[in-house]
């Protein structure tokens, strides 16, 4: 192979690789921009947390409420609710003890 053929082959390989990679990057960006989640907690004990998300990929993505609970001694534990689809609400509880509070409430989005 002469030098001109090698340079052409390398250029074609780089161009082909960038064309293959570009669509997946833009698809990931559009999904991330559309995802919207809301999370909140109950206003009285026993403390519960809730989450609701929209814009997830149908069938393959689900979300669940994620709570970080803290007891009077400062011990923390993480609790997750059941998985829920687009527009559905997931909930989780820190337990029946009114002295166990919610330090954090959020949504955990995952792929099935």
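Numbering (the working numbering), first residue to last: 18 to 129.
No residue lacks a Cβ here, since even glycine has one placed at the ideal position from N, Cα and C.
{"Query": "Spatial neighbours of residue 71 in its chain, beta-carbon cut-off 7 Å, leaving aside the 5 residues before and after", "Result": "53, 103, 104"}
{"Query": "With 16 other Cβ atoms within 10 Å as the buried cut-off, status of residue 125", "Result": "buried"}
{"Query": "Sequence-distant residues of the same chain with beta carbon closer than 6 Å to residue 88, five excluded per side", "Result": "117"}
{"Query": "Length of the line joining the Cα atoms of residue 158 and residue 69", "Result": "Nothing about residue 158 can be reported from this structure: the residues present for the chain run from 18 to 129 only."}
{"Query": "Integer Cβ distance of residue 82 from residue 119, believed to fall under 8 Å", "Result": "Residue 82 to residue 119, Cβ: 10 Å. No contact."}
{"Query": "Identity of the residues DSSP links to residue 84 by a beta bridge", "Result": "96, 122"}
{"Query": "Euclidean distance between Cα positions of residue 34 and residue 67", "Result": "Because residue 34 carries a pLDDT of 43, less than 50, the predicted location of this residue cannot be relied on, and no value is offered for it."}
{"Query": "Pairwise C-alpha distance: residue 106 and residue 127", "Result": "15 Å"}
{"Query": "Within 8 Å, strictly: CB atoms of residue 86 and residue 77", "Result": "no"}
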